[in-house]
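Asker: In the UniProt record's numbering, the protein residues as written are 1 to 690.
Every residue, glycine too, gets a C-beta built ideally from N, C-alpha and C.
In this text the structure is predicted, and so the values were computed from the model without any measurement.
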Amino acid sequence: AFKAAVLIQRWYRRYVARLEMRRRCTWRIFQSIEYACEQDQIKLHDFFSYLMDHFTPSSSKERDFISRMFISGESFKEVELEKYCDYESMEVPDSYTGPHLSFPLLPDHATALLEAFKQKQQLHARYVLNLLHETRKHLKQLPNISHVSTCYSEEVTVCGDLHGQLDDLFLIFYKNGLPSPSKSYVFNGDFVDRGKQSLEILIVLFTFLLVYPNEVHLNRGNHEDHMVNLRYGFSAALIAVHGRKILKMIQNVFCWLPLATLIDQKVLIIHGGISDTTDLDMLEKIKRHKFVSVLRGKKRKESNRNVEIQEINGKSKADASPAAHDTATGPSREPRPAQAPSMANRLEFSKWVRQTVQEQIEWCRRLVDISDSEEEEELTYSSCVSMADLDAPRWTRQEEQKQILDILWSDPMPQEGCRENTVRGGGCYFGPDVTEKILEKYSLQFLIRSHECKQEGYEFCHNRKVLTIFSASNYYEIGSNRGAYVKLGPDLVPHFVQYQANKTAHTLTMTQRQGFPESAFRALREKLFAHTSGLISAFKAYDKDGTGRITLSNWATAVESVLRLGLPWRMLRPQLVRGTADGLLEYKSWLEDLAMEQRSQEHIQSGLLEVIYRNRSNLETIFRIIDRDHSGLISFEEFHQTWKLFSSHMNIELTDDGINDLVRSIDFNKDGNIDFNEFLEAFRLVKQSQ
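1) In three-state terms, what does DSSP make of D657?
2) Give a yes or no on whether the C-beta atoms belonging to Q445 and V186 are separated by under 8 Å.
3) Output needed for E681: all residues of its chain with C-beta closer than 7 Å, excluding positions within five of it in sequence on either side, in chain order.
4) Between which two residues does the alpha helix (DSSP H) carrying K487 extend?
5) Could you tell me whether the Cβ atoms of I269 and I407 are closer together than 8 Å?
6) With a floor of 4 residues, list each alpha helix (DSSP H) that falls wholly inside the segment 193-242, ordered by position along the chain.
7) Are the Cβ atoms of F103 and E134 separated by less than 8 Å?
8) Give a yes or no on contact between the segment 484-502 and the segment 541-548, applying the rule of three or more CB pairs nearer than 8 Å.
9) In whole angstroms, what separates the C-alpha of G632 from that of W11?
10) Classify L7: buried if its beta carbon has 16 or more other beta carbons within 10 angstroms, exposed otherwise.
11) Let's test the definition: count the other Cβ atoms within 10 Å of the Cβ of T277 and tell me whether it reaches 16, buried, or not, exposed.
12) Answer with buried or exposed for T422, where buried requires no fewer than 16 other C-beta atoms within 10 angstroms of its C-beta.
13) Which residues mark the beginning and the end of the beta strand (DSSP E) in which V497 is found?
14) To which residues of the same chain is E638 closer than 7 Å at the C-beta, ignoring the five residues directly before and after it?
15) As a quick exercise: from P99, S32 and L169, pick the residue whose alpha carbon is nearest that of A484.
16) Would you list, in sequence order, the uninterrupted beta strand (DSSP E) runs of no fewer than 3 residues that lie entirely inside the segment 399-428?
17) Where are the alpha helix (DSSP H) runs, 4 residues long or more, that stay fully inside the segment 92-133, in chain order?
18) Compare the C-alpha of G195 against each of A237, K183 and T207 and name the closest.
19) In three-state terms, what does DSSP make of L259?
20) Can you have a look at G314 and say buried or exposed, based on whether 16 or more other CB atoms are within 10 angstroms of its CB?
21) Looking at D190: is its Cβ nearer than 8 Å to the Cβ of D167?
22) Between the alpha carbons of E224 and L199, how many angstroms are there, rounded?
23) Out of F291, V559 and D582, which has the shortest C-alpha to C-alpha gap to L576?
24) Quick check: the Cα distance between L178 and Y87, rounded to an integer number of angstroms?
25) At the level of alpha carbons, what is the spacing between I448 and I469?
26) Out of curiosity, what's the CA-to-CA distance linking K299 and N222?
27) Helix, strand or coil, according to DSSP, for C37 in the structure here?
28) Note down the Cα distance separating L442 from V562, rounded to an integer number of angstroms.
29) Would you call the CB atoms of P93 and A112 closer than 8 Å?
30) So, do the segment 456-468 and the segment 286-297 have three or more beta carbon pairs nearer to each other than 8 Å?
31) Using the rule of at least 16 other Cβ atoms within 10 Å of the residue's Cβ for burial, across every protein chain shown, is P412 buried or exposed?
32) K487 to F679, Cα distance in whole Å?
33) Check the DSSP bridge columns for residue 716 and list the partner residues they point to.
34) Are any of the Cβ atoms in chain B nearer than 8 Å to that of H133?
35) So who's on the other strand from H147, going by DSSP bridges?
36) Relative to the C-alpha of C428, which residue among K540, E436 and R419 is closest?
Here it is in structure tokens:
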């Protein structure tokens with residue numbers, strides 16, 4: 001009996017260990033592919049940014065078009081934005097049976113919305129615009145870092161990424177209760193993208209924010225970003241259902257979201273993480289609404305901006321570069337303030353200060369070439385902070401952008417130090433020493449962040465000084481992970497609640513729950529097929545004699561050299577490659593099997609299908625970038641101006657008539673626009689001709 005018990009125990013432990021290794025492998029697959037996609041997005045964005053920074057427009061119309069390609073959320077003045085998003089002119093038809101909103105909002109409006117969304121009803125566009133308008137007005141009065149105290153509520157609940165999964169939000173409210181004067185919530189960014197109900201989540205959160213402005217707090221995440229939304233589906237889904245006005249307003253609301261939250265001055269809540277240069281004092285004073293997308297700063301104006309910084313910080317002109325000296329002494333001379341009146345006359349002195357500051361602002365605007373189309377500066381919390389601290393140092397836009405980029409995109413790592421986050425392509429990796437330094441500098445107990453999916457919904461690291469909380473359950477696949485939220489009382493001791501929002505997840509067996517491999521390996525096989533050409537070249541480097549066969553060890557090394565996903569390929573090999581008697585792999589037949597699997601779904605030639613698989617996400621994003629008005633179609637003018645950008649980069653001389661001939665050849669149905677299918681078809685024809 002004793003021997004039997006030991007045998008069963010040994011078998012069970014081996015079985016559990018195998019399941020755990022399967023789980024870790026499939027988890028790495030999903031995470032590696034997700035992060036590689038984010039990296040592609042940032043590389044694509046950097047490429048377009050490079051083009052814009054090195055492009056000289058031939059006319060003001062061309063310059064305006066190119067400048068609005070990435071900053072559509074900044075192109076309206078305050079009055080123009082309200083006129084563009086005029087909800088009062090919209091009528092709600094009598095046939096509308098969904099929920100109604102009237103302002104100021106009451107708790108009953110919030111509960112009615114929840115019930116309506118549970119019944120799959122939609123909120124009319126008029127109410128959505130009105131809600132966004134009121135939310136924007138409220139957010140503009142908030143500081144960059146919100147402050148929450150447990151003295152005024154029994155506990156504070158912190159939720160992580162939701163990513164458009166409304167069922168998770170319903171379950172959180174069901175388990176924990178709705179926001180109320182005694183129950184505060186902090187939602188830590190990434191409300192949208194990937195899930196199908198991103199807009200509904202925004203509506204619910206914004207409604208509770210207006211009903212309980214002191215109890216509901218929203219942080220900005222890396223997906224509350226115009227450029228990220230272009231790739232991950234939120235912009236396209238919103239345009240398809242509600243049109244451009246709501247998208248434009250949401251872009252503007254996103255850039256007003258606070259950047260962080262402090263609980264009792266002891267717990268810092270940020271979406272991504274920190275870096276060795278994170279400065280909370282700087283974050284407090286940054287004009288956050290200037291960053292519709294934190295992926296790009298205005299490099300074209302940065303040199304002029306540096307001159308402004310030198311002048312404001314009192315640097316001598318001898319220290320500045322000759323170019324900066326020329327700029328400063330050109331037609332846009334710094335105004336000399338009139339002699340200050342006596343401080344005994346407070347009214348006169350106050351008028352003199354206001355006049356001097358206004359003259360300096362106008363001079364700075366001319367110095368950095370701010371056009372009239374940009375939004376006029378408004379009296380907001382951040383601007384009041386800046387005005388109250390006129391003698392403080394000023395930072396370049398790139399410095400400010402890096403501060404926001406780091407707190408939205410960074411991840412912790414077990415090693416010491418701080419280095420560039422090459423996996424995501426943005427932010428940094430920060431070690432335990434960086435965490436300890438920031439905690440000590442600002443007298444904090446620990447950090448709460450989100451940004452990473454965790455199997456249990458939460459995870460501690462850095463000696464329990466960094467807590468990751470992730471609230472979107474079944475993120476990769478049904479049964480892949482739990483969601484969680486954390487509750488903090490006056491003692492600031494975290495209490496966790498975990499859940500699975502999908503009922504199917506509760507019926508999965510242990511093997512299914514731990515493994516969930518099939519969808520992971522299907523995604524990986526698609527990735528392998530998309531890099532067929534590169535794999536063949538890598539395999540041939542190991543096949544010196546041209547036998548068409550390589551060792552399985554060389555197969556694993558070659559695959560990693562091409563895909564660069566950091567996966568344990570030797571461990572994954574049995575799921576991807578059929579066993580061979582002599583330990584050698586016929587790589588050509590293996591690649592043909594991959595091609596057959598994909599061709600069974602898409603009836604296209606294998607070489608072309610490989611190219612489309614590898615570049616489809618990038619092509620979709622490029623299409624949406626060119627489609628500046630988000631109509632779902634590229635107009636001839638949009639194509640014409642974008643091709644000017646490309647031809648300038650590639651040193652291709654092409655006349656206007658040549659561009660017109662090109663765009664007409666892509667417009668197969670001759671409707672005067674290019675849809676996405678025509679866009680892809682053009683690549684197919686070029687591939688065939690090659």
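Answerer: Considering the structure as presented:
1) Counting from one through the sequence shown, the residue named residue 657 turns up at place 657. DSSP places D657 in helix when its eight states are reduced to three.
2) Taking the first residue of the sequence shown as 1, we reach residue 445 at position 445. Taking the first residue of the sequence shown as 1, we reach residue 186 at position 186. No, Cβ-Cβ distance for Q445 and V186 is not below 8 Å.
3) Locating residue 681 in the sequence shown gives position 681, where the first residue counts as 1. Contacts found: F668.
4) The count along the sequence shown starts at 1 and reaches residue 487 at position 487. Per DSSP, K487 belongs to no alpha helix (DSSP H); it is in the beta strand (DSSP E), G483 to L488.
5) In the sequence shown, the residue the question calls residue 269 occupies position 269. In the sequence shown, the residue the question calls residue 407 occupies position 407. Contact: no.
6) You should have 198-211, 226-232 and 234-242.
7) Position 103 of the sequence shown holds residue 103. Position 134 of the sequence shown holds residue 134. It is a contact, given that the beta carbons lie within the stated cut-off.
8) no
9) For this step, residue 632 is matched to residue 632 along the sequence shown. For this step, residue 11 is matched to residue 11 along the sequence shown. Taking the straight line joining both Cα atoms gives about 57 Å.
10) If you number the sequence shown from 1, residue 7 lands on position 7. Counting Cβ neighbours within 10 Å, L7 comes out exposed, since fewer than 16 surround it.
11) On the sequence shown, position 277 is the one that residue 277 refers to. So T277 counts as exposed.
12) Numbered from 1 along the sequence shown, position 422 holds the residue referred to as residue 422. Classification for T422: exposed.
13) Residue numbering aside, residue 497 sits at position 497 when the sequence shown is read from its first letter. That run of the beta strand (DSSP E) goes P494 to Y499.
14) Counting from one through the sequence shown, the residue named residue 638 turns up at place 638. Same-chain partners within the cutoff: I626, D627 and R628.
15) Taking the sequence shown and counting its residues from 1, the one referred to as residue 484 is at position 484. Answer by Cα proximity: L169.
16) 418-420
17) 107-118
18) One-based indexing of the sequence shown puts residue 195 at position 195. For the residues A237, K183 and T207, the minimum Cα distance to G195 belongs to A237.
19) Translated into positions along the sequence shown, residue 259 becomes position 259. Coil at L259, not helix or strand.
20) For the purposes of this step, residue 314 is taken as residue 314 along the sequence shown, with counting starting at 1. Only weak support is given to the placement of G314: the predicted model assigns it a pLDDT of 48, under 50, and the value that follows is read from those uncertain coordinates. So G314 counts as exposed.
21) For the purposes of this step, residue 190 is taken as the residue at position 190 of the sequence shown. For the purposes of this step, residue 167 is taken as the residue at position 167 of the sequence shown. For D190 and D167, no; Cβs fall outside 8 Å.
22) Here residue 224 corresponds to residue number 224 of the sequence shown, with the count starting at 1. Here residue 199 corresponds to residue number 199 of the sequence shown, with the count starting at 1. Cα to Cα, the separation comes out at about 12 Å.
23) Working through the sequence shown from its first residue, we reach residue 576 at position 576. Considering only alpha carbons, the answer is V559.
24) Taking the first residue of the sequence shown as 1, we reach residue 178 at position 178. Taking the first residue of the sequence shown as 1, we reach residue 87 at position 87. Going from the Cα of L178 to the Cα of Y87 covers about 28 Å.
25) Taking the sequence shown and counting its residues from 1, one reaches residue 448 at position 448. Taking the sequence shown and counting its residues from 1, one reaches residue 469 at position 469. Cα to Cα, I448 sits roughly 7 Å from I469.
26) As a working note, residue 299 is residue 299 in the sequence shown. As a working note, residue 222 is residue 222 in the sequence shown. Residue confidence is low: K299 scores 47 on pLDDT, short of 50, so the model does not pin down where it sits. Its coordinate-derived value is still stated next. The alpha-carbon atoms of K299 and N222 are separated by roughly 21 Å.
27) To locate residue 37, count along the sequence shown from 1; it is residue 37. Looking at C37 - three-state DSSP - the assignment turns out to be helix.
28) As a working note, residue 442 is residue 442 in the sequence shown. As a working note, residue 562 is residue 562 in the sequence shown. A small correction: the amino acid at residue 442 is Tyr; Leu does not occupy that position in the sequence shown. Distance between the alpha carbons of Y442 and V562 is about 44 Å.
29) On the sequence shown, residue 93 is found 93 positions in, with the first residue counted as 1. On the sequence shown, residue 112 is found 112 positions in, with the first residue counted as 1. For P93 and A112, no; Cβs fall outside 8 Å.
30) no
31) As a working mapping, residue 412 is identified with position 412 in the sequence shown. Around the Cβ of P412, a 10 Å sphere holds 16 or more other Cβ atoms; the residue is buried.
32) Here residue 487 refers to the residue found at position 487 of the sequence shown. Here residue 679 refers to the residue found at position 679 of the sequence shown. The straight-line gap from Cα to Cα measures roughly 49 Å.
33) Lying before the first or after the last residue shown, residue 716 is absent from the chain, which here runs from 1 to 690.
34) Within the model displayed, chain B is absent; a lone protein chain is all it includes.
35) By 1-based counting over the sequence shown, the position of residue 147 is 147. According to the DSSP secondary-structure assignment, H147 is paired through a beta bridge with L262.
36) Here the question's residue 428 lines up with position 428 in the sequence shown. Answer by Cα proximity: R419.
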